Amino acid sequence: PPAHSHSDWIGPPDKHSNLRPVIFYVPPEESALERRLREARQEAQASNQRFWARHNRAFRQEKEEFIYSRLKAKGLEMRDESGQKATLNAEEMAEFYKDFLSKNLKKHLQYNRDWYKRNFRITFLMGQVALVRALRWLRRRKKNVEQ
Amino acid sequence: MSAARRCRPPRALAGLFVWRLRNTGVRQIPNRFVHLYHIASNRLITFQYFNFLKRMYVTQYNKDLSQRAKPKSDSIVSPFYELQPLDREKKVVHKISPVSPVHQSWSETSSRNELREMKSAAETEDSVIPVGAESKEDRQWKEMKLRLDDLPGILARLSKIKLTALVVSTASAGFAMAPVPFEFTCFLLASLGTGLASCAANSINQFFEVPFDSNMNRTKNRPLVRGQISPLLAVCFAASCGVPGIALLTLGVNPLTGALGAFNIFLYTCCYTPLKRMSIANTWVGAVVGAIPPIMGWTAATGSLDAGALLLGGILYSWQFPHFNALSWGLREDYSRGGYCMMSVTHPELCRRVALRHCLALIGLSTVAPVLDITTWTFPVISLPINLYISYLGFRFYRDADRSSSRKLFFCSLWHLPMLLLVMFTCKKSVLEKEDKGDLPGRSCERAMEIRLP
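Read top to bottom, the protein sequences are chains A and B.
The first sequence begins at 1264 in the numbering used here and counts up by one.
The second sequence begins at 183 in the numbering used here and counts up by one.
Below, the structure written as structure tokens:
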């Protein structure tokens, strides 16, 4: 993002977590409230990134392992004659999906609670910041009108 | 019958008819539309939407893998489908490799379907052409600044406007089926209120689900995920739609409808959305959410919760299951990775059984309709073929449990519902007949202006 910009910038989705990273703009006269908001957003971003990158990596890995073990049980190799990667059909994969979901359910419940709390807090802070800015703007206008 | 319908304003039926024929795919049977002249245009719009959605789905499946949609609250409407702009080709190529055999054959047939079904479809043309451009743009960093001219598009996507339109059409079906003379102002107010409530609920849903949406293929282009709008603005928009919507329903229509609307928003945002990640019971809650809009339409017209309202709600409730279960069958990978507890992942056998059970229930419910004096006895007779067909597809899905049967069931459900509602409406028991018998239920829109029948 360009150096002169006064807004946040959002980038393409991350390869591992599929989340879009945000670069936050730090205004020179940032108030304490605005700083709290920015830090909350940064923290949430980091936490989300950690969770999803790890989770997706685990998914991919376990999926590979599952495919490999199933193919081996069937007596096939990972790649067939034409060099194409061998795959299992949807029904066989369904068993893996079911397993993976039940294994990770507790992790997700914890993450959900966490995410909802963060989301509400960030939005509430945004509301406060917006209110303060609006009041400031109104006060400035009033001053201009009086002058 | 036509006398009772004289309140329906004739819209530009001819124009719509031509448009619809142009967009009509293979499935359309022209001779069924002989009845068009006395069918309200909202039916046509519903039909249009379903055709449009079907086409979008075919092209979407062609390019993207495993998506699903769950409509809003109502979702009703089911947690249903949501159509997203098509994804970038490049990324899709990467994703295709792990599951190539199944999907390649599938994308072939769907491309054939696509060629057959795409007529003028400006939408599909639009979606096919800019895909290349989209992939480049998506890799860039974007400024998180809200541009006013982008806002309508963003808000439309935030509120899932297409889904909202479908919800409003089911509510208007409920309104139309109520055995009272048609009041246009009341109808407008009820539709508008329902639409606003639906927008609010959808926005809150998207607000809650940002990191999950970014991880699922179907939903990763939503406005909050892309940072096009801030969460604060999403919440403010939801409040500014929800509060006036419910107020409009409570004050302009009647308090019962307003209460149902508020309850539906609550059910969708606070029950269904969190439950999606906790237990498979979310599907049943979602089905209730989808069943409430027609009940709202009915109570808007009559002011009371009759057996007829519950029957209509019941029909929509049962419809949700084959619709959603078939849809979720193809999205198991995304659901599993995203952490969503859906029947298709955890209890596949139950998933198919429930879908079949509810297809059969639709037959039963259609038979109950004349018993409750809502329609004539021709309704179960005429609707039997389509109900049997969807039950047959439901049975095939139950037995085969594969992609093709689930897709067939899903696409059937898309046209089955509007068709069923249409037939129900044409078989509606005339209000004048009821007036003769002297048992007209009371009317409800006290504050709204009324076009009273003598």
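Glycine included, each C-beta is placed from N, C-alpha and C at the ideal position.
Model, not experiment: these values are computed from the prediction.
Measure the CB-CB distance between residue i and residue j and report whether it falls below 7 angstroms.
i, j, result
"B:L340", "B:G375", "no"
"B:S565", "B:F579", "no"
"B:G512", "B:M398", "no"
"B:P462", "B:T528", "In the sequence as presented, Pro is not what sits at residue 462 of chain B; that position holds Ile. Taking 7 angstroms as the Cβ cut-off, B:I462 and B:T528 qualify as a contacting pair."
"B:V425", "B:L371", "no"
"B:G576", "B:P504", "yes"
"A:S1280", "A:A1321", "no"
"B:A383", "B:Y454", "no"
"B:A355", "B:P552", "no"
"B:I474", "B:L509", "no"
"B:L378", "B:C423", "yes"
"A:N1319", "A:L1282", "no"
"A:Y1360", "B:S518", "yes"
"B:C541", "B:S586", "no"
"B:A416", "B:S385", "yes"
"B:P562", "B:T549", "yes"
Out of curiosity, what's the CA-to-CA distance linking residue i and residue j?
i, j, result
"A:G1338", "B:F390", "45 angstroms"
"B:Q242", "B:P456", "With a pLDDT of only 41 at B:Q242, under the threshold of 50, the placement of this residue in the model should not be trusted, and no figure is reported."
"A:G1390", "B:Q502", "37 angstroms"
"B:F328", "A:W1272", "Here residue 328 of chain B turns out to be Leu, not Phe, going by the sequence shown. In a straight line, the C-alpha of B:L328 is about 12 angstroms away from that of A:W1272."
"B:R294", "A:T1386", "In this prediction, B:R294 scores a pLDDT of 45, lower than 50, which makes its location untrustworthy; the coordinate-derived value is nonetheless stated afterwards. Each residue's Cα considered, the two are about 47 angstroms apart."
"A:A1336", "B:R514", "24 angstroms"
"B:V275", "B:D582", "With a pLDDT of 37 at B:V275, under the threshold of 50, the modelled position of that residue is not reliable, and no figure is offered here."
"A:S1268", "B:D331", "20 angstroms"
"B:K610", "B:L602", "12 angstroms"
"B:L414", "B:V392", "13 angstroms"
"B:M478", "B:L493", "12 angstroms"
"B:C452", "A:E1409", "48 angstroms"
"A:R1333", "A:L1351", "8 angstroms"
"B:P361", "B:C523", "40 angstroms"
"B:M359", "A:N1382", "42 angstroms"
"A:E1325", "B:V471", "36 angstroms"
"B:E365", "B:A483", "8 angstroms"
"B:P437", "B:C594", "36 angstroms"
"B:I428", "B:F369", "15 angstroms"
"B:K658", "A:G1274", "No answer is possible for residue 658 of chain B: the residues shown for chain B start at 183 and end at 636."
"B:N446", "A:K1369", "28 angstroms"
"B:R404", "B:K342", "10 angstroms"
"B:T228", "B:V407", "With a pLDDT of 48 at B:T228, under the threshold of 50, the predicted position of this residue should be treated as unreliable, and no value is reported."
"B:H598", "A:E1327", "40 angstroms"
"A:V1285", "A:A1307", "11 angstroms"
"A:V1392", "A:L1296", "7 angstroms"
"B:Y571", "B:F506", "17 angstroms"
Report yes or no: is there a C-beta of chain B within less than 7 angstroms of the C-beta of residue i?
i, result
"A:L1364", "yes"
"A:R1377", "This sequence places Asp at residue 1377 of chain A; Arg is not what is there. Closer than 7 angstroms: no."
"A:N1407", "no"
"A:A1266", "no"
"A:F1329", "no"
"A:W1272", "yes"
"A:K1337", "no"
"A:A1357", "yes"
"A:Q1391", "no"
"A:F1383", "no"
"A:K1412", "Residue 1412 of chain A cannot be examined here, being either before or after the span of chain A that is shown, 1264 to 1410."
For chain A, find out if any of its Cβ atoms is closer than 7 angstroms to the Cβ of residue i; answer yes or no.
i, result
"B:K277", "Note that B:K277 has pLDDT 38, beneath the 50 cutoff, so the model's placement of it is unreliable and the number below is only indicative. Taking Cβ atoms only, chain A never reaches closer than 7 angstroms to B:K277, which makes this a no."
"B:R581", "no"
"B:S518", "yes"
"B:R339", "no"
"B:G479", "no"
"B:D521", "According to the sequence displayed, residue 521 of chain B carries Gly and not Asp. True, the Cβ-Cβ gap to chain A drops below 7 angstroms."
To be precise: take each residue of the stretch 1275 to 1292 of chain A, compare its Cβ to all Cβ atoms of chain B, and keep it if any distance is under 7 angstroms. Which residues remain? P1275, P1276, N1281, L1282, R1283 and V1285
Got a sec: which bits of the stretch 389 to 417 of chain B sit with their beta carbon under 8 angstroms from any beta carbon on chain A, in order along the chain? F389, F390, V392, P393, S396, N397, K402, V407, R408, G409, S412, P413, L414 and V417
Report the residues of the stretch 321 to 336 of chain B with a CB closer than 8 angstroms to any CB of chain A, ordered along the chain. R321, Q322, W323, K324, E325, M326 and K327
Give the residues from the stretch 441 to 460 of chain B that approach chain A closer than 8 angstroms (Cβ to any Cβ), ordered along the chain. P456, R459 and M460
Can you give me, in chain order, the residues of the stretch 528 to 559 of chain B that have a beta carbon less than 7 angstroms from any beta carbon in chain A? T528 and P530
Where the stretch 579 to 605 of chain B meets chain A: residues whose CB sits under 9 angstroms from a CB there: A583, D584 and R585
What residues in the stretch 416 to 431 of chain B have a beta carbon less than 9 angstroms from any beta carbon of chain A? A416, V417 and C418
Which runs of the alpha helix (DSSP H) at least 4 residues long sit entirely within the stretch 1287 to 1357 of chain A? Give them in chain order. 1295 to 1337
In chain order, which continuous runs of the alpha helix (DSSP H) of length 4 or greater are located wholly inside the stretch 396 to 483 of chain B? 405 to 408, 413 to 429 and 437 to 448
Quick one, which residues of the stretch 497 to 517 of chain B are near chain A if we go by CB-CB under 9 angstroms, in chain order? W511, G512, R514, E515 and Y517
3 or more residues per run - each beta strand (DSSP E) lying fully within the stretch 324 to 358 of chain B: none
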